[in-house]
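Heads up: the structure comes next, in C-alpha cells.
Number of protein chains: 2
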Amino acid sequence: MGEKVTIATVARHAQVSRQTVSNVLNAPHIVREDTRQRVREAIAALGYRANQAARQMRTGRSRLIAVRIEPTRDGINGSVLDRFLHGLTETADAGGYRVLLYTARDDDQEIATYDALLGAYDLDAFVLTGTKHGDPRTAWLAEREVPFVTFGRPWDTPDAHPWVDVDGAAGTAQATRHLLAAGHRRIAFLGWPAGSGVGDDRRAGWRTTMAEVGLDSAAADRATEDGIAEGARELRTLLALDAPPTAVVCASDSLALGAWQAARETATDVAVVGFDDTPVAAAVGLSSVSQPLGEAAARCVELLTGLLDGQQRDPQLLLSPSLVLRHTA
Amino acid sequence: MGEKVTIATVARHAQVSRQTVSNVLNAPHIVREDTRQRVREAIAALGYRANQAARQMRTGRSRLIAVRIEPTRDGINGSVLDRFLHGLTETADAGGYRVLLYTARDDDQEIATYDALLGAYDLDAFVLTGTKHGDPRTAWLAEREVPFVTFGRPWDTPDAHPWVDVDGAAGTAQATRHLLAAGHRRIAFLGWPAGSGVGDDRRAGWRTTMAEVGLDSAAADRATEDGIAEGARELRTLLALDAPPTAVVCASDSLALGAWQAARETATDVAVVGFDDTPVAAAVGLSSVSQPLGEAAARCVELLTGLLDGQQRDPQLLLSPSLVLRHTA
DNA sequence: CATCGAGATTGGATCGTTCAAGGCGGCGAG
DNA sequence: CTCGCCGCCTTGAACGATCCAATCTCGATG
Chain A
434 MGEKVTIATV
444 ARHAQVSRQT
454 VSNVLNAPHI
464 VREDTRQRVR
474 EAIAALGYRA
484 NQAARQMRTG
494 RSRLIAVRIE
504 PTRDGINGSV
514 LDRFLHGLTE
524 TADAGGYRVL
534 LYTARDDDQE
544 IATYDALLGA
554 YDLDAFVLTG
564 TKHGDPRTAW
574 LAEREVPFVT
584 FGRPWDTPDA
594 HPWVDVDGAA
604 GTAQATRHLL
614 AAGHRRIAFL
624 GWPAGSGVGD
634 DRRAGWRTTM
644 AEVGLDSAAA
654 DRATEDGIAE
664 GARELRTLLA
674 LDAPPTAVVC
684 ASDSLALGAW
694 QAARETATDV
704 AVVGFDDTPV
714 AAAVGLSSVS
724 QPLGEAAARC
734 VELLTGLLDG
744 QQRDPQLLLS
754 PSLVLRHTA
Chain B
434 MGEKVTIATV
444 ARHAQVSRQT
454 VSNVLNAPHI
464 VREDTRQRVR
474 EAIAALGYRA
484 NQAARQMRTG
494 RSRLIAVRIE
504 PTRDGINGSV
514 LDRFLHGLTE
524 TADAGGYRVL
534 LYTARDDDQE
544 IATYDALLGA
554 YDLDAFVLTG
564 TKHGDPRTAW
574 LAEREVPFVT
584 FGRPWDTPDA
594 HPWVDVDGAA
604 GTAQATRHLL
614 AAGHRRIAFL
624 GWPAGSGVGD
634 DRRAGWRTTM
644 AEVGLDSAAA
654 DRATEDGIAE
664 GARELRTLLA
674 LDAPPTAVVC
684 ASDSLALGAW
694 QAARETATDV
704 AVVGFDDTPV
714 AAAVGLSSVS
724 QPLGEAAARC
734 VELLTGLLDG
744 QQRDPQLLLS
754 PSLVLRHTA
C-alpha cells in the first residue's frame, strides 16, 4: 500500500506546481481549463485527499460543527434528539462538514467545553438544541463571535442570533382545529406551567383557536410538570368537571399517554392528541403533532454553512409541524 | 483579546525551550520536578491549550473516534442508540478523545466513508454498532489495521477483533427463570427468524432454561419479522393452541408490545417480557430486559484507548443485562 | 519589433507541534 | 586527570497545506 499522497505528489503527477493544485481545489476559476482537468485526473488517479489538519493549521478552520448530546432525560421525549442528530450529520456531510459530539452537565460546564473545543480543535460552529430565558451560553458565544445556530427560538430577544424552530402554536392550533372539525366543543389543554417559552407557545395555539370559534377555554386549561403520571392525574381532574371535555390537546406525548391511559381506565371516550410524535406515540397509536426534525436539522446546517462561507441569508426560520392522526383522535 | 497562546509563548514565559514544554505535556517523567512545575504554572497562567491540528499533523493522530448514527429504523427500538452515544461521548471526553458522527446508507458507502475520514481527518478509531455474518466493514478495517471495536459480537469468528456485547441469552434466561419462579410452566418465545446472531442468541437463552427444568419448548417457539403487528399476530396463533402459553418472552419490545396488546384485547391473562427496555416499554409498563448501554459504551471506549495507547487488555467483553420488572410480568 | 499587461505558474515562508540529534555539566570509574 | 555516561535541556528540521510576492507566458498593441 502506497506511501501517503500529498499535494506535492499530485503536482508532480500532473506536471504542475503545488500551488496550482491548491488553486484547483480552492479557487478553480483561476486555473486554465485543461490544466484544471489534468490536475483533477491526477487527484482521482492517486486517490488524493486534502489533509484537514494541515489545511486547518493554515486557515484556522476545521470544517467541524459541534452538537451537544443530552443525557436522555425522560426517555419518552428524549429520543427526538436522535432524529435531529441524524439529519444534522447527513446535511453536514453533504456540505463538507462533520459533526462532533460533546456532553455537559450544566451551563458552566458547557461553556468550558466551548472554550476547550475552540482552543484545541478550532471548531467552526455550534448547534444548540433548545434555549431558555436569558441563556448564558448564547451570550458567551455571541460575545466571542463564534458562529452558532439554535434549534429553538430565543424567547426574550427574537432577533438576537440565527435560529430554526418549529411553530408549536401552529401545531396545537392544527390539532385543535381537527378536533373542532370532528365535532368536539369542549376541548381541554394539558400543558406545562407558564414560563417556559415552548410550553407557552403550544398553549397559545390551542387558546387562540378556541377563541376564534368563540369557545371559552379558561376552565379546561391545565398546567403540570411533564410526565405520564401527571398527565393521568390532570385528566382525572378534568373529567370531574361539571362539563368534562370530550377531547384534550397535550404539550407532550408523555402527558398525552397518561391522559389516554386514564381515560381508558375510566372507560370514558376522550380524544387525545400528543406532541412530538415520539416512537411511543407511534407504538400505542397516539395521534400527535410531528416536528419536521430532519428538515429543521438541514436548515440549521444550511444557516451555518451560509454564515461560514460568508453568504448571508435569512437567519431566522420557523417551520410548520404536521398532525399525525392515529386512533386516539 | 490576546493573540494566540502557543507552545512558544509558554516556553518564553517559563524560561525554557519549546521542546521542554512539549515534554511536560507528553512525557512529564523526563523533565525535572521544578522545571515541570514552572511550566505547568505558565500553562495555567496563560490558559494555553495544545493545538490539535498541529499535533495531529506531526503525529498522525487526531484523538477522534467515529461512530455511525443510523437512520432510526424502527423508532421503537432505534432510540437505544441515543443512550449508547451519550455514554460513548462522556467516556471518550474523559479519556481526551472526541466523538465524530457519520452516516451511511449501506456497507459500500460506509467503507467509502471510512476511507474519506481516515484520509482527511486521520481518525484514530471506529466504533461499529452491530455486525452481521461476514461483515465486509470489519474485514476492510482489519485489513488496513485501523483500530476499531464493535458493539456486538462477530458471530462467525469470535476472536477476530475487539468487541463488547451484552449477553442476550443471559437476559432471556433470566426472564424465563423469573416467569418459572412465578409459577408459569407454558412459556412461549416470540423471536426473529433463525439466522441473525442476536436473535438466535436470545432464543437460546429461553430454550436452554426451559430444557434445564425439563419443559418442552418446541411448540411454543415463534419466529417472525420484528414489529408490533407481527407480535400481535403471533400471540393470537399461540393462544389458539390446545395448551396456550401463560407467558411469553420476546426478542424485542416491539414484539412484546404487540403481544401484550393482543393479549389484552382477547382479555387473556398472559405475562409478557420484552427486550431492550426502550422508552416505549417504560411508558406502557412493559417488563423488559435492559442492556447496560452506558457501561457498554464506556467499555468500548476503554478498549479503544487501551488499544491506541498500546496497553493491551482483554479485547472481548460480555456484559450482563438486567431484568426490569413492571406490570406485565 | 519591442513593450505591455493580464493571467497562469513558481518558490519561499508560515501555521504549532513533535521528532531527531546534539550540547552541557556533573559524577563515577579507570 | 581524563574519559565516558547519564540526566536534563536546547536547537534545527519536518509534517502538509495555504498565503504571498515574484516571475513567467503569450497574445495584443503601438
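Sequence order for the protein chains is A and B. Heads up, the first sequence is in the working numbering, so the first residue is 434 and it goes up one at a time. Heads up, the second sequence is in the working numbering, so the first residue is 434 and it goes up one at a time. Using N, Cα and C, we set each Cβ at its ideal position, and we do this for glycine too. Computed from a prediction, not measured in an experiment: that's the story for all the values here.
Using the rule of at least 16 other Cβ atoms within 10 Å of the residue's Cβ for burial, across every protein chain shown, is residue i buried or exposed?
i	result
A477 of chain A	exposed
I440 of chain A	buried
L674 of chain B	exposed
G647 of chain B	exposed
D568 of chain B	buried
G691 of chain A	buried
E667 of chain B	buried
L574 of chain A	buried
Q753 of chain B	Sequence inspection shows Ser at residue 753 of chain B; the Gln mentioned does not correspond to that position. The residue in question, S753 of chain B, is exposed, as its Cβ has fewer than 16 Cβ neighbours within 10 Å.
T699 of chain B	exposed
G707 of chain A	buried
P712 of chain A	buried
L550 of chain B	buried
A715 of chain B	buried
R586 of chain B	buried
H462 of chain B	exposed
V449 of chain B	buried
D659 of chain A	buried
V443 of chain A	buried
L688 of chain B	buried
E466 of chain A	exposed
R577 of chain B	exposed
H617 of chain B	buried
G743 of chain B	exposed
Q489 of chain A	buried
M434 of chain B	Because the pLDDT of M434 of chain B is 49, which lies under 50, any placement of that residue in the model is unreliable, and the question is left without a value.
Which residues in the same chain as residue i place their Cβ atom closer than 8 Å to its Cβ, once the five residues preceding and following it in sequence are excluded?
i	result
H519 of chain B	G727, A730
V464 of chain A	T453, N456, V457, V472
L612 of chain A	I620, A680, V682, A704, V706, A762
G480 of chain A	V438
A644 of chain B	S650
D702 of chain B	T679, A696
Report all residues from its chain with a CB closer than 6 Å to the CB of residue i; omit the five preceding and five following residues, and keep chain order.
i	result
F559 of chain B	A499, F581
A621 of chain B	A653, L671, P678, V681
A447 of chain B	R471, V472, A475
Y530 of chain A	R496, I498
T513 of chain A	The sequence shown places Val at residue 513 of chain A, rather than the Thr named in the question. Hits under 6 Å: D709.
E663 of chain B	T657
Can you give the beta carbon distance from residue i to residue j, rounded, assuming they're within the 8 Å contact cut?
i	j	result
R494 of chain B	Y535 of chain B	The pair is not a contact, with the Cβ atoms about 18 Å apart (cut-off 8 Å).
T761 of chain B	S720 of chain B	5 Å
A593 of chain B	T609 of chain B	With 8 Å as the limit, A593 of chain B and T609 of chain B do not qualify as a contact, their Cβ atoms being about 30 Å apart.
R491 of chain A	D557 of chain A	R491 of chain A to D557 of chain A, Cβ: 15 Å. No contact.
T564 of chain A	T583 of chain A	5 Å
A665 of chain A	Q694 of chain A	6 Å
A483 of chain B	N484 of chain A	Not quite, the Cβ-Cβ distance comes to about 18 Å (not below 8 Å), so this is no contact.
T641 of chain B	A606 of chain B	7 Å
V734 of chain A	L521 of chain A	6 Å
D555 of chain A	A487 of chain B	Actually they are not in contact, since the Cβ atoms of D555 of chain A and A487 of chain B sit about 10 Å apart, beyond 8 Å.
V597 of chain B	R732 of chain B	5 Å
What residues in its chain sit with their C-beta under 7 Å from that of residue i, if we drop five residues either side in the sequence?
i	result
W588 of chain A	H566, G630
R759 of chain A	G718, L719, S720
P748 of chain B	P595, L736
R516 of chain B	L726, G727
Quiz item: Is it a yes or a no for the region 623-636 of chain A touching the region 675-684 of chain A, going by three-plus beta-carbon pairs under 8 Å?
Solution: Result yes; three or more Cβ-Cβ pairs closer than 8 Å.
* Asked: For the region 529-560 of chain B, which residues have a beta carbon sitting closer than 9 Å to at least one beta carbon of chain A?
  -> Of all residues in the region 529-560 of chain B, R531, V532, L533, L534, Y535, T536, T546, D548, A549, L550, L551, G552, A553, Y554, D555 have a Cβ within less than 9 Å of some Cβ in chain A.
Q: Check distances from the C-beta atoms of the region 655-685 of chain B to those of chain A and list, in chain order, the residues that come in under 7 Å.
A: From the region 655-685 of chain B, only I661 have a Cβ closer than 7 Å to chain A.
**Study point:** Residues of the region 696-720 of chain A with Cβ closer than 8 Å to any Cβ of chain B, in chain order
**Key:** Cβ contacts with chain B: T711, P712, V713, A715, A716, V717.
Going along the chain, which residues of the region 617-651 of chain B sit with their C-beta nearer than 7 Å to a C-beta in chain A? Under the 7 Å Cβ criterion, the region 617-651 of chain B contributes no residue.
Is it a yes or a no for the region 589-607 of chain B touching the region 629-643 of chain B, going by three-plus beta-carbon pairs under 8 Å?
At 8 Å Cβ cutoff, the stretches touch.
Below 9 Å between beta carbons is the criterion; list the residues of the region 455-486 of chain B that meet it against any residue of chain A, in chain order. Here the close residues are G480, Y481, R482, A483, N484, Q485, A486.
May I ask you to verify whether the region 522-534 of chain B touches the region 525-535 of chain A, counting CB pairs closer than 8 Å and requiring at least 3? Per the Cβ contact rule, the region 522-534 of chain B is in contact with the region 525-535 of chain A (3 or more Cβ pairs under 8 Å).
Short of 7 Å Cβ to Cβ, which residues in the region 512-525 of chain A face chain B? Interface annotation for the region 512-525 of chain A against chain B: S512, L514, D515, R516, L518, H519, T522, E523, criterion Cβ-Cβ distance under 7 Å.
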